[in-house]
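Mind the numbering: the sequence shown is residues 2 to 272 in my numbering, read in order.
The beta carbon of each residue, even a glycine, is placed where N, CA and C say it ideally should be.
This report refers to the structure that appears directly beneath it.
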Amino acid sequence: MSHTNASLGSAISSLVTSLTASPLPAIEPTPTLPTSPAELAKLIDHTLLAPASTLDQIRAVCAEAKQHGTATVCVNSSLIPTVAAQLDGSGVKPIAVVGFPFGAANTQAKVAETQQAVRDGANEIDMVQNIGLLKSGEYLAVLSDIQAVVGAAAPSAIVKVIIETSLLTRDEIIASTYLTCLGGAAFVKTSTGYGGGGAKEDDVRLMHAIAHLDGAPWNGNVKVKASGGIRSLDVVQRMVQNGAERVGASGTKAILDEAMGNKPEAPKSDY
2 MSHTNASLGS AISSLVTSLT ASPLPAIEPT PTLPTSPAEL AKLIDHTLLA PASTLDQIRA
62 VCAEAKQHGT ATVCVNSSLI PTVAAQLDGS GVKPIAVVGF PFGAANTQAK VAETQQAVRD
122 GANEIDMVQN IGLLKSGEYL AVLSDIQAVV GAAAPSAIVK VIIETSLLTR DEIIASTYLT
182 CLGGAAFVKT STGYGGGGAK EDDVRLMHAI AHLDGAPWNG NVKVKASGGI RSLDVVQRMV
242 QNGAERVGAS GTKAILDEAM GNKPEAPKSD Y
């Protein structure tokens, strides 16, 4: 199906109206955290995105991920060769962020970064949407940007789109999530951790509602990733209860220690 900016704007406007007119549908059955720390770890993208991260720190993060059995390790794209080598044979997947952290790179640059990351061994791509274009109402450009990265990643890697909820209004979160789903991404993700705020329960719930719209062309196949400010088991639980199926955290050990009944060490940062 071909789209125009006008048709996308009309669809988004209708969606905003419908999601404002009535309460969000309940998530049934209510999601619950896995009871075992090992299963909980599989929900976590173990993350280190600080720009001054050293190779030794990256290797340590990979060792932690393998020890705990997290879903992935999420790093800047230049570090994927190191991460892929460290994780080889472990079942833990490498994630590269693309267009990080502002999403303002042009589409060709995002595509090139994605292609290189996949060649280097990334199995998942966390791209940042073009926030300025979204806020400008350039919906077709935002959609095309997402579709281009999804196409560049396929078939080797899935794509998550970071919409940066802390910089968006509710209506813009609706628009961003709709375009992410329409663009063929596997996940819509809340935050970079560098946008002045992190995941909020209400935003996660709203994103989940859109990802699971009845009759939508993506057939409920898009999931929600909560990231930014996730430092405790309680926060993980609240995100999962509101529809998150993956969480990003740097303080994975502290969260899993808490799940095992141990007193956790406070993580040093969001990422």
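Taking only three categories from DSSP, how would you classify residue i?
i	result
residue 11	helix
residue 77	strand
residue 209	helix
residue 89	coil
residue 252	coil
residue 291	The shown model of the chain, from 2 to 272, leaves out residue 291, and the question about it has no answer.
residue 24	coil
residue 247	strand
residue 2	coil
residue 151	helix
residue 111	helix
residue 136	helix
residue 118	helix
residue 34	coil
Output the distance between the C-alpha atoms of residue i and residue j, rounded to the nearest integer angstrom.
i	j	result
residue 44	residue 263	20 Å
residue 69	residue 170	37 Å
residue 95	residue 120	12 Å
residue 275	residue 3	Nothing can be reported for residue 275, as the shown portion of the chain is limited to 2 through 272.
residue 123	residue 85	7 Å
residue 52	residue 22	43 Å
residue 101	residue 59	17 Å
residue 184	residue 136	18 Å
residue 273	residue 227	Since the first residue of the chain shown is 2 and the last is 272, residue 273 is not available in this structure.
residue 19	residue 30	23 Å
Is it right to say residue i is buried, meaning 16 or more other beta carbons lie within 10 angstroms of its own, or is it exposed?
i	result
residue 207	buried
residue 66	buried
residue 153	buried
residue 107	exposed
residue 305	Past the boundaries of the shown model lies residue 305; the chain is included only from 2 to 272, so the question cannot be answered.
residue 37	exposed
residue 210	buried
residue 222	exposed
residue 220	exposed
Run through the DSSP bridge pairs and tell me what residue i is partnered with.
i	result
residue 125	96 and 159
residue 227	248
residue 17	Per DSSP, none; premise fails for residue 17.
residue 188	161 and 224
Are the C-beta atoms of residue i and some chain B residue less than 8 Å apart?
i	result
residue 198	In the structure shown, chain B does not exist; there is a single protein chain.
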